[in-house]
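**Q** I am attaching a structure below and will ask some questions about it afterwards.
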Amino acid sequence: MATRRLGVRETLGALNAALGPGSTVWIKETRARHLRSRDFLAPHRALQVPEHLLHVLACLQGPGVAPVLRCAPTPAGLSLQLQRPAVFERVLSAVAAYATPASSALPGQRVLLHCPALRSSPCALRLSQLRTVLVADHLARALRAHGVCVRLVPAVQDPHMLTFLQQLRVDWPAASERASSHTLRSHALEELTSAHDGRTLSPGILGRLCLKELVEEQGRTAGYDPNLNNCLVTEDLLSVLAELQEALWHWPEDSHPGLAGAPDTGTDSCLVVHVVSCEEEFQQQKLDLLWRKLLDKAPLRQKHLICGPVKVTGAPGPLMTAPEYYKFRHAQVCKASALKHGGDLAQDPGWTEIFGVLSVATIKFEMLSTAPQNQLFLALADNISTKGTKSGTFVMYNCARLATLFESYKRSMEQGLYPTFPPVSSLDFSLLHDEHLSPPQGEQPGHATLYSLFWLGHGFQLLLQPGTHPRGASTTPLWSDVRPPAASEGCA
Numbered sequence: 001m002a003t004r005r006l007g008v009r010e011t012l013g014a015l016n017a018a019l020g021p022g023s024t025v026w027i028k029e030t031r032a033r034h035l036r037s038r039d040f041l042a043p044h045r046a047l048q049v050p051e052h053l054l055h056v057l058a059c060l061q062g063p064g065v066a067p068v069l070r071c072a073p074t075p076a077g078l079s080l081q082l083q084r085p086a087v088f089e090r091v092l093s094a095v096a097a098y099a100t101p102a103s104s105a106l107p108g109q110r111v112l113l114h115c116p117a118l119r120s121s122p123c124a125l126r127l128s129q130l131r132t133v134l135v136a137d138h139l140a141r142a143l144r145a146h147g148v149c150v151r152l153v154p155a156v157q158d159p160h161m162l163t164f165l166q167q168l169r170v171d172w173p174a175a176s177e178r179a180s181s182h183t184l185r186s187h188a189l190e191e192l193t194s195a196h197d198g199r200t201l202s203p204g205i206l207g208r209l210c211l212k213e214l215v216e217e218q219g220r221t222a223g224y225d226p227n228l229n230n231c232l233v234t235e236d237l238l239s240v241l242a243e244l245q246e247a248l249w250h251w252p253e254d255s256h257p258g259l260a261g262a263p264d265t266g267t268d269s270c271l272v273v274h275v276v277s278c279e280e281e282f283q284q285q286k287l288d289l290l291w292r293k294l295l296d297k298a299p300l301r302q303k304h305l306i307c308g309p310v311k312v313t314g315a316p317g318p319l320m321t322a323p324e325y326y327k328f329r330h331a332q333v334c335k336a337s338a339l340k341h342g343g344d345l346a347q348d349p350g351w352t353e354i355f356g357v358l359s360v361a362t363i364k365f366e367m368l369s370t371a372p373q374n375q376l377f378l379a380l381a382d383n384i385s386t387k388g389t390k391s392g393t394f395v396m397y398n399c400a401r402l403a404t405l406f407e408s409y410k411r412s413m414e415q416g417l418y419p420t421f422p423p424v425s426s427l428d429f430s431l432l433h434d435e436h437l438s439p440p441q442g443e444q445p446g447h448a449t450l451y452s453l454f455w456l457g458h459g460f461q462l463l464l465q466p467g468t469h470p471r472g473a474s475t476t477p478l479w480s481d482v483r484p485p486a487a488s489e490g491c492a
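Heads up: the sequence shown at position 445 corresponds to 445 in UniProt numbering, and the numbers run straight through without jumps.
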């Protein structure tokens, strides 16, 4: 049997591969009431199972694949259970390997992450645009944790925007000047020579280009708005394209070994991801197509991560900008601390940083706890309740609670109240074969299965998760959220 660490992803891949090419019918069981009898399930509507396939699945092996105990048809579908004692032994015998980030599955992959909202000033930044900024920042951190080389665009020029991003703990590059758009302007004028018919154009406007032909010629109709037709070419639009092209051609020297400083190297190998709000989706599709039309070496792989709208309830005013939202949450945190500790701690320099961190945690919790493509509802009622999960009070209360628990555990360890964990080699994993544990005192006997299931089933599930990621990066699949423009849901 292979010795590499076990993983849910590897086991699912092997199970689906055993059913044949293109099969993705297996799911990881997560519901408590079913974990006692199965770890993976292929729903009965998904396939008919030949007898020989059961034997193949029962003997399944491979790198990272957990050992199988049994595989049998059930009313719910094809049910598969793992050898849990063996899984626990494998994991606990190599804890260090599971605590180390997994090696990158995408070596050398480059991603150009584009967030158009950062070209505005902070006072004009809407909440839906703030959501795209936080999603882009989170995505960049998660991709880097997986070994992907990420470059962020645009480089921010507005000093007020840089200050606001620092408040939000968003790490984004800055620039002092714009990239030159001379080459793109020449290409645009060549395309527009026969288009403007000698009519006088407003300053900053070069003319119109038809994009519909490009979509039809290259077969890219899937995913693009059917109303895409003409694009008004402006100096500002060319400046945006020039910055994207410059970032694509010239990567920083410290970005990735062998990839930096080489202009025009493997543009097709780079993935461009535009993170935009649903209000900006149409304009971003125009930019995508215009880039392809004006430059032959524009990246072929461009994907659009469209963030849903942000709806606000209980707002103090008609419209709330991103800085106003930050100030509102910051005031809530300060108010909650005053109720708890008394006095105005917001004036204490020692608490200023803490309040800032908690305010940002509240905002990111709200903005990132809903899938990006879904509509987000913000409840801005000025209350001090700890019952919900959408207030500064909730974040501060739980931070304090966790800090107290960790400090108490640390003191208990120093006092020797917890025994030292024995060597793994001395543990008898065969004792894990029986999951029928006695229920806690006062519980009905019929609840024993759920009780044991909580500890063994969920503990097993936790052990099989991918290795921890640095800096709190998400362990959710990244590429499922990076998608082509709107209509091409199945093409990502």
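For every residue, glycine included, the Cβ atom is placed at its ideal position computed from N, Cα and C. Please read all numbers here as calculations on a predicted model, not as lab measurements.
What ranges does the alpha helix (DSSP H) occupy inside the segment 23 to 58, keeping only unbroken runs of at least 4 residues that lie completely in it?
**A** Taking only runs of at least 4 residues, the alpha helix (DSSP H) segments lying wholly in the segment 23 to 58 are 51 to 58.
**Q** Taking the beta strand (DSSP E) that T362 belongs to, which residues open and close that run?
**A** No beta strand (DSSP E) contains T362, which is instead part of the alpha helix (DSSP H) from P349 to L368.
**Q** Taking the alpha-carbon positions, what's the E280 to P21 distance?
**A** Straight-line Cα distance between these residues: approximately 38 Å.
**Q** Is G223 helix, strand or coil by DSSP?
**A** In the structure shown, G223 sits in coil (DSSP, three-state: anything other than H, G, I, E or B).
**Q** Under the assumption that D171 contacts S121 (Cβ atoms under 8 Å), give the Cβ distance between them as a whole number of angstroms.
**A** Not a contact, Cβ separation roughly 20 Å.
**Q** Return the bridge partner residues of R208 from the DSSP annotation.
**A** Bridge partners of R208: L232.
**Q** Just the Cα atoms here: how many angstroms apart are H274 and Q61?
**A** Those two C-alpha atoms are separated by around 40 Å.
**Q** Which of helix, strand or coil does DSSP assign to F421?
**A** F421: coil per DSSP, three-state reduction.
**Q** Report buried or exposed for F406, applying the criterion of at least 16 other Cβ atoms within 10 angstroms of its Cβ.
**A** Burial call: exposed.
**Q** Using DSSP's beta-bridge definition, name the partner residues of P73.
**A** DSSP, once it has assigned bridges, lists L78 as partnering P73.
**Q** Quick check: A117 and L125, are their CB atoms within less than 8 Å of each other?
**A** Contact: yes.
**Q** Using CA atoms only, rank isn't needed, just tell me which of H114, C270 and R70 is closest to R36.
**A** With distances taken between Cα atoms, R36 lies closest to R70.
**Q** Taking all protein chains shown into account, do 16 or more other C-beta atoms lie within 10 angstroms of the C-beta of T352, making it buried, or fewer, making it exposed?
**A** So T352 ends up on the exposed side.
**Q** On the criterion of 16 or more Cβ atoms from any shown chain inside 10 Å, does S194 qualify as buried, or is it exposed?
**A** A caution first: S194 carries a pLDDT of 46, below 50, which makes its placement in the model unreliable, though a value can still be read off. Its Cβ having fewer than 16 others within 10 Å, S194 is exposed.
**Q** Which residue's Cα is closest to the Cα of P226: V233, D236, V215 and T234?
**A** Closest by alpha carbon: V215.
**Q** Assuming residue 531 is part of the alpha helix (DSSP H), what are its boundary residues?
**A** The requested residue 531 is not part of the displayed model; the chain covers only 1 to 492.
**Q** Identify every run of the alpha helix (DSSP H) within the segment 83 to 163, keeping only runs that are complete inside it and at least 4 residues long; order them along the chain.
**A** Whole alpha helix (DSSP H) segments, 4+ residues: 84 to 92, 95 to 98 and 127 to 145.
**Q** Measure from the alpha carbon of S359 to the alpha carbon of each residue in P252, K335, E10 and T370, then state which is nearest.
**A** It is K335 whose Cα lies nearest to the Cα of S359.
**Q** For the candidate residues S23, L113 and T313, whose alpha-carbon lies nearest to that of P43?
**A** Comparing Cα-Cα distances from P43 to each of S23, L113 and T313, the minimum goes to S23.
**Q** Classify Y418: buried if its beta carbon has 16 or more other beta carbons within 10 angstroms, exposed otherwise.
**A** Y418 should be labelled exposed.
**Q** Pick from C278, L289 and Q167: whose alpha carbon is nearest that of E213?
**A** Ranking C278, L289 and Q167 by Cα distance to E213 puts L289 first.
**Q** Could you tell me the distance, in whole angstroms, from the CA atom of P73 to the CA atom of S79?
**A** If I take the Cα positions, the gap works out to 6 Å.
**Q** In whole angstroms, what separates the C-alpha of K311 from that of F377?
**A** About 5 Å.
**Q** Using 8 Å as the threshold, is the segment 90 to 99 in touch with the segment 244 to 252, meaning 3 or more CB pairs across them?
**A** In short, these stretches do not touch, since the Cβ pair count stays below three.
**Q** May I ask you to report which of helix, strand or coil DSSP gives V68?
**A** Correct three-state label for V68: strand.
**Q** Using DSSP with H/G/I as helix, E/B as strand and the rest coil, what is A371?
**A** If DSSP states are grouped into helix, strand and coil, A371 belongs with coil.
**Q** Just to confirm, are P154 and R119 a CB contact at a threshold of 8 Å?
**A** A contact, by the Cβ cut-off of 8 Å.
**Q** Have a look at the DSSP bridge pairing and note the partners of S277.
**A** Per DSSP, C307.
**Q** Between G314 and L380, which are expected to be in contact by the criterion C-beta below 8 Å, what is the C-beta distance as a whole number of angstroms?
**A** Right, the Cβ-Cβ distance comes to about 5 Å (below 8 Å), so this counts as a contact.
**Q** So what's A336 in DSSP terms, helix, strand or just coil?
**A** Reduced to three states, the DSSP call for A336 is helix.
**Q** Nearest by alpha-carbon distance to T362: which of N374, L339, C399 and G350 is it?
**A** The shortest C-alpha separation from T362 is found at C399.
**Q** Count the other C-beta atoms from every protein chain shown that fall within 10 angstroms of the C-beta of H160, then say buried if there are 16 or more, exposed otherwise.
**A** It counts as exposed.
**Q** For A298, list the residues DSSP reports as bridge partners.
**A** According to DSSP, which records beta bridges pairwise, A298 is partnered with nothing at all.
**Q** With a Cβ-Cβ cutoff of 8 Å, do R208 and C149 count as a contact?
**A** Going by C-beta atoms, R208 is not nearer than 8 Å to C149.
**Q** For K293, count the other beta carbons within 10 Å of its own beta carbon; 16 or more makes it buried, fewer makes it exposed. Which is it?
**A** It counts as buried.
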